[in-house]
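In the working numbering, the protein residues as written are 3 to 368.
One structure below.
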């Protein structure tokens, strides 16, 4: 099989999707069913931490020179696919090239959260247009959870079958060896970790307020910290910068590489994901693999991932979350139960399993 993978999304602007498609590409790179692997890369997209498989006899880097997501870039993609005679073009995002391509097209739609939660009208219109184009053009469509499929099917026209292929987790998150990357210097004590973005549904304001309540009430040790990790847009609210929290110990770390991220998971006391909606929730699987106790919202996609290996809490209420953080912080027996349950739950999410499922799906259309 000749496969062309859309690595335009392996950049700092798409941290979650970038990590997902990069991990999959590493599995595709040594999959026995893939004879030729072409990787579409646009150097205009800044990538500061994702490692792309190196070029080799059967892996070729196809560099795009046009501005990202422009009409000129779409024509370049079409020419590359025609020249390489790829059987399949795989893209991990709903924004596919506008110009038809001369190969089969496999698309992953992660979620339709902007259509199910409050979002600007232009975002909703753009997503609906992208969904319609995918529905007409794609040979096959996948998503990452049964709940995401249910939500997408309600928005997709014309109707198409959607195949569920869950995400995986990198092997390094399972590694519990003492040899780890040093923590960032700003981290000076035990900490509560959150890996997220500051999109509205990620609900970081509730976490920051809950941490402030737990900390100022003395239920959390004075030398503890809240560590927020991710891609945080300057154009969206950053609640930790509110003057009310200027004396609350909060550390912000932007887009660390996987080695630093794995070290953060391994050394944290707790992991809290305050998000009100997810398509999958990759940080949850990474936290479970790292044997980190979790508190999260009882959203259907989230509970499908964590099972019984996490404490669920209504993330609309910061006082309730503050109580759960304080209780779990001091309950080492419950922490150990969650560590064991999470490690077991995470075993079902592997990138090589996901890559096999994608390959089998493509082969079924041959």
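Ideal placement from N, C-alpha and C gives every residue a C-beta, glycine not left out.
In this text the structure is predicted, and so the values were computed from the model without any measurement.
Residue state for residue 232 is assigned as strand, using DSSP reduced to three classes.
In the three-state DSSP reduction, residue 92 falls in the strand class (E or B). Segment contact: the region 213 to 222 against the region 319 to 328, three or more CB-CB distances shorter than 8 Å; contact assigned.
Counted as a single uninterrupted DSSP element, the alpha helix (DSSP H) harbouring residue 325 occupies residues 320 to 332.
Residue 142 is bridged by DSSP to 108.
Straight through space, the alpha carbons of residue 366 and residue 195 are spaced by roughly 41 Å.
Pairwise C-beta distances place the region 182 to 190 in contact with the region 248 to 265, as three or more of them are shorter than 8 Å. In the three-state DSSP reduction, residue 262 falls in the helix class (H, G or I).
In this structure the region 131 to 139 lies against the region 108 to 115, because at least three pairs of beta carbons, one per stretch, are closer than 8 Å. DSSP lists 144 as the beta-bridge partner residues of residue 165.
Counting only residues of its own chain and dropping the five nearest sequence neighbours on each side, residue 13 has a CB closer than 7 Å to the CB of 20, 47, 48 and 49. In the DSSP annotation of this structure, the continuous segment of the beta strand (DSSP E) that includes residue 61 starts and ends at 61 to 65. Contact between the region 292 to 303 and the region 140 to 151 is established, with three or more Cβ pairs separated by less than 8 Å. By the Cβ-count criterion, residue 242 is buried, with 16 or more other Cβ atoms from all chains shown falling within 10 Å of its own Cβ.
From the listed residues 140, 235 and 168, the smallest Cα separation to residue 162 is found for 140.
Around residue 83, the same chain offers 6, 91, 103, 104 and 105 as residues with beta carbons nearer than 7 Å, after the five sequence neighbours per side are excluded.
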